[in-house]
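Read through the structure below, which is laid out as structure tokens, and then see the notes.
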Amino acid sequence: MSEIAELPEGLWYQPDVDTSQIPAIAGVEAVRSIRVPARVEYLYTPGRAPTRFLRALAEKRIMGERCPVTGKVYVPPRGVSPVVGLPTEEQVELGHRGTVTTFCVVDIAFTGQVTETPFVSALVLIDGADITLHGLIQGIPPADVRPGMRVEAVWVPDDELSTSFENIRWWRPSGEPDVDPDTIREYL
Amino acid sequence: MRDVAIVSFAQTVHSRRRQDVNEVELIQPVIQEAKERVGLDRHDIGFTCSGSSDYLAGQAFSFVMTLDAVGPWPPISESHVEMDGAWALYEAWVKIQTGAADTALVYGYGKSSPGDLPRVLSRQLDPYYFGPLWLDSVSVAALQARAMIDSGKLTQRQMAETAARSRAAAKANPFAQVKGDFDVEAILAEDCLADPLRRHDCPPVSDGGAAVVLAADDTARRLVERPAWIRGIDHRVDSHNLGARDLTRAPSAALAAHEAGVSGGKVDVAELHAPFTHQEAILRAEIPLDGAEVNPSGGALAANPMMAAGLIRLGEVARRIIDGSADRGVAHATAGHCLQQNLVAVLEGDG
Numbered sequence: 000m001s002e003i004a005e006l007p008e009g010l011w012y013q014p015d016v017d018t019s020q021i022p023a024i025a026g027v028e029a030v031r032s033i034r035v036p037a038r039v040e041y042l043y044t045p046g047r048a049p050t051r052f053l054r055a056l057a058e059k060r061i062m063g064e065r066c067p068v069t070g071k072v073y074v075p076p077r078g079v080s081p082v083v084g085l086p087t088e089e090q091v092e093l094g095h096r097g098t099v100t101t102f103c104v105v106d107i108a109f110t111g112q113v114t115e116t117p118f119v120s121a122l123v124l125i126d127g128a129d130i131t132l133h134g135l136i137q138g139i140p141p142a143d144v145r146p147g148m149r150v151e152a153v154w155v156p157d158d159e160l161s162t163s164f165e166n167i168r169w170w171r172p173s174g175e176p177d178v179d180p181d182t183i184r185e186y187l
Numbered sequence: 000m001r002d003v004a005i006v007s008f009a010q011t012v013h014s015r016r017r018q019d020v021n022e023v024e025l026i027q028p029v030i031q032e033a034k035e036r037v038g039l040d041r042h043d044i045g046f047t048c049s050g051s052s053d054y055l056a057g058q059a060f061s062f063v064m065t066l067d068a069v070g071p072w073p074p075i076s077e078s079h080v081e082m083d084g085a086w087a088l089y090e091a092w093v094k095i096q097t098g099a100a101d102t103a104l105v106y107g108y109g110k111s112s113p114g115d116l117p118r119v120l121s122r123q124l125d126p127y128y129f130g131p132l133w134l135d136s137v138s139v140a141a142l143q144a145r146a147m148i149d150s151g152k153l154t155q156r157q158m159a160e161t162a163a164r165s166r167a168a169a170k171a172n173p174f175a176q177v178k179g180d181f182d183v184e185a186i187l188a189e190d191c192l193a194d195p196l197r198r199h200d201c202p203p204v205s206d207g208g209a210a211v212v213l214a215a216d217d218t219a220r221r222l223v224e225r226p227a228w229i230r231g232i233d234h235r236v237d238s239h240n241l242g243a244r245d246l247t248r249a250p251s252a253a254l255a256a257h258e259a260g261v262s263g264g265k266v267d268v269a270e271l272h273a274p275f276t277h278q279e280a281i282l283r284a285e286i287p288l289d290g291a292e293v294n295p296s297g298g299a300l301a302a303n304p305m306m307a308a309g310l311i312r313l314g315e316v317a318r319r320i321i322d323g324s325a326d327r328g329v330a331h332a333t334a335g336h337c338l339q340q341n342l343v344a345v346l347e348g349d350g
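Residue numbers (numbering that gives the first Met the number 0), protein chains in the order written: chain R, 0 to 187; chain P, 0 to 350.
What follows is the structure in structure tokens.
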């Protein structure tokens with residue numbers, strides 16, 4: 000199959016088979032490897048809470064959901080509060096700004112990456128949420144990104160909005176002063 | 000050995016597609032109901048064990064996503080098996096035997112609807128010889144049914160009778176998916192899906208789940224008036240190589256039944272996890288059930304949520320002991336193709 004790469008030498012090892020010990024296959028060249036293409040397809044449905052989240056995103060709104068016991072707001076919601084195991088039913092509209100809690104600078108290119116290296120991959124605590132969300136940071140040299148930095152969402156143009164998390168292209172500095180590190184300590 | 004009992008059981012209403020919910024939304028109400036039936040909350044559970052399959056979800060570590068439903072914070076003692084929840088129950092039973100827990104929550108779930116189930120299940124075959132043939136699960140079962148018929152152990156009419164009896168029994172099961180009165184002659188007049196299996200010989204494709212609460216000794220007695228004590232439980236495996244087996248037999252089921260002590264008393268009710276009609280005949284020959292009522296729930300022919308259908312057999316027997324309608328019952332769960340792996344438990348009530 001042309002689309003499948005050759006096995007790299009040295010990574011896979013098949014010990015030699017001493018076929019002389021088995022009369023029926025004496026002198027037969029041992030099979031060292033086989034290729035078995037496999038494909039199974041799935042049609043996903045996101046479920047109730049993620050559907051609510053995705054439909055709101057298409058309207059350029061970020062909706063979290065509140066734990067009925069602790070009051071914590073989760074985004075993206077999965078439908079159940081991960082701390083108490085009860086359904087989340089109250090939707091909470093979140094801001095379009097947030098705070099970088101942690102980040103890393105990606106210097107090595109990889110298949111499928113969406114921006115040029117180096118780029119910054121960060122966890123952003125969206126205003127009003129109690130859990131961080133993964134996002135890219137643009138509009139600032141990677142060396143200047145820091146925990147506590149305030150950022151704002153950069154959306155795709157309105158006519159490209161869809162029920163997709165890719166509506167938020169990335170986050171960029173909002174120009175606000177950094178937050179006190181103590182206020183994000185819980186989310187690290 | 001500690002006395003360990005099933006004290007609570009809950010299941011979903013099984014259906015062909017639950018596209019409205021994701022897995023955690025599917026199983027959360029069932030977990031909550033199983034705990035609330037015996038007045039427990041998450042802090043009262045000593046050990047949690049689940050059964051599910053990434054091949055059904057199409058996602059690696061998919062069970063982690065459903066852990067939200069147990070509220071695992073502060074950190075809990077938890078485990079998972081990539082098998083039917085019946086095997087999760089076995090692990091929980093062992094955990095309680097070690098003294099590390101007095102109670103356990105066990106659940107199993109599967110949404111088969113996102114994928115093509117017979118094709119997904121073909122991935123249970125070995126990757127070198129059978130797997131590349133993409134032999135789907137219905138075709139593999141048909142090989143076994145053909146072996147049963149050719150050996151003279153079973154007729155297609157008897158298979159149709161099992162289908163009709165199971166779906167009729169399921170009329171009393173509010174959680175069943177395929178139920179009703181079916182005519183044996185009409186079934187036999189249908190074309191085969193995979194010769195000699197007709198549609199009626201096959202289980203439905205189901206989305207669903209189930210949960211059970213286990214408790215030991217006085218804890219069990221405190222939670223429920225009549226605990227369903229697990230008097231014996233054992234699981235065994237036959238060869239993975241279909242060509243190395245006599246497909247008309249399931250020696251691992253017979254051995255598990257022996258080790259679980261099935262023949263130690265009268266069996267009032269048995270729930271056998273036989274997804275295909277001919278498999279019930281194999282299990283009846285391997286497990287000494289005498290005059291027991293078999294599959295009053297309709298069995299896997301009435302609802303077959305993958306990774307839960309075996310656990311449901313345990314729950315269905317336990318339910319009948321807890322409510323006093325049975326004194327001693329046998330529950331069986333299977334996994335793999337052609338009844339390759341089998342678990343048997345004997346459940347009893349007091350007095």
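Idealized CB from N, CA, C, for every residue including glycine.
A quick note: this is a predicted structure, and the numbers were derived from the prediction, not measured.
Note down the Cα distance separating residue i from residue j, rounded to an integer number of angstroms.
i, j, result
"R:G46", "P:P117", "24 angstroms"
"R:G133", "P:W72", "Checking the sequence, you will find His at residue 133 of chain R rather than Gly. When rounded, the distance between both Cα atoms is 22 angstroms."
"R:S1", "R:V35", "Here the model assigns R:S1 a pLDDT of 45, short of 50, so the residue's position is not dependable, and the following value carries that caveat. Roughly 13 angstroms separates the two Cα atoms."
"P:R283", "P:D289", "9 angstroms"
"R:Q90", "R:G63", "6 angstroms"
"P:E315", "P:A146", "30 angstroms"
"R:E151", "P:Y108", "40 angstroms"
"P:G151", "P:A302", "29 angstroms"
"P:F46", "P:V212", "10 angstroms"
"P:P274", "P:P295", "15 angstroms"
"P:A215", "P:I321", "15 angstroms"
"P:L134", "P:V119", "10 angstroms"
"P:D2", "P:A256", "19 angstroms"
"P:V183", "P:S165", "12 angstroms"
"R:Y73", "R:E175", "24 angstroms"
"R:T50", "P:V63", "20 angstroms"
"P:Q18", "P:R319", "32 angstroms"
"R:A25", "P:M305", "45 angstroms"
Please confirm if residue i has its CB atom under 9 angstroms from at least one CB of chain P.
i, result
"R:R145", "no"
"R:L135", "no"
"R:M0", "A caution first: R:M0 carries a pLDDT of 41, below 50, which makes its placement in the model unreliable, though a value can still be read off. With 9 angstroms as the cut-off, R:M0 does not count as an interface residue toward chain P."
"R:R31", "no"
"R:A48", "yes"
"R:E40", "yes"
"R:S80", "yes"
"R:G84", "yes"
"R:R77", "yes"
Give a yes or no on whether 9 angstroms exceeds the smallest Cβ distance from residue i to chain R.
i, result
"P:D19", "yes"
"P:A68", "yes"
"P:G242", "no"
"P:E32", "no"
"P:V119", "yes"
"P:P131", "yes"
"P:V3", "no"
"P:S112", "yes"
With distances taken from CA atoms, which of the options is nearest residue i?
i, options, result
"R:R38", "P:M147, P:G264, P:I229, P:G57", "P:G57"
"R:I125", "R:R77, R:W170, R:Y43", "R:W170"
"R:P156", "R:T162, R:N166, R:R60", "R:N166"
"P:I232", "P:A259, P:V211, P:D217", "P:A259"
"P:A175", "P:R1, P:P202, P:D194, P:I186", "P:P202"
"P:R244", "P:G50, P:L338, P:L88", "P:L338"
"R:V119", "R:I130, R:A128, R:A142", "R:A142"
"P:K377", "P:Q340, P:G297, P:E35", "Examination of residue 377 of chain P is not possible in this model, given that chain P is present from 0 through 350 alone."
"P:G130", "P:S121, P:S238, P:S138, P:V137", "P:S121"
Grab the span of the alpha helix (DSSP H) containing residue i for me, first residue to last.
i, result
"P:W133", "Here P:W133 belongs to no alpha helix (DSSP H), and DSSP marks it neither H nor E."
"R:L135", "Run containing R:L135: none in the alpha helix (DSSP H); it sits in the beta strand (DSSP E), 132-136."
"P:H252", "The sequence given here has Ala at residue 252 of chain P, not His. From DSSP, the alpha helix (DSSP H) with P:A252 extends over 250-259."
"R:A152", "No alpha helix (DSSP H) holds R:A152; the beta strand (DSSP E) holding it covers 149-154."
"P:L351", "The displayed coordinates of chain P run from 0 to 350. Any statement about residue 351 of chain P would go beyond what the structure contains."
Return the first residue and the last residue of the beta strand (DSSP E) that residue i is part of.
i, result
"P:D233", "227-236"
"P:G107", "102-110"
"P:A214", "206-215"
"R:W170", "167-172"
Check the Cβ of residue i against every Cβ in chain B and list those closer than 7 angstroms, keeping chain order.
i, result
"P:W92", "This model lacks chain B altogether, as its protein chains are R and P."
- Task: Assess, as a yes-or-no matter, whether the segment 104-117 of chain R is touched by the segment 91-98 of chain P under the definition of 3 or more beta carbon pairs within less than 8 angstroms.
- Result: no
- At least three beta-carbon pairs within less than 8 angstroms, the segment 40-50 of chain P to the segment 102-110 of chain P: yes
- Task: Determine, using beta-carbon pairs with one atom in the segment 16-25 of chain P and one in the segment 67-79 of chain R, whether at least three such pairs fall under 8 angstroms.
- Result: yes
- Task: For the segment 217-237 of chain P and the segment 9-19 of chain P, state whether three or more C-beta atom pairs, one from each stretch, are separated by less than 8 angstroms.
- Result: no
- Item | Any 3 or more C-beta pairs closer than 8 angstroms across the segment 259-268 of chain P and the segment 331-347 of chain P | yes
- Task: Specify whether the segment 65-80 of chain P and the segment 47-55 of chain P touch according to this definition: at least 3 beta carbon pairs, one from each stretch, less than 8 angstroms apart.
- Result: yes
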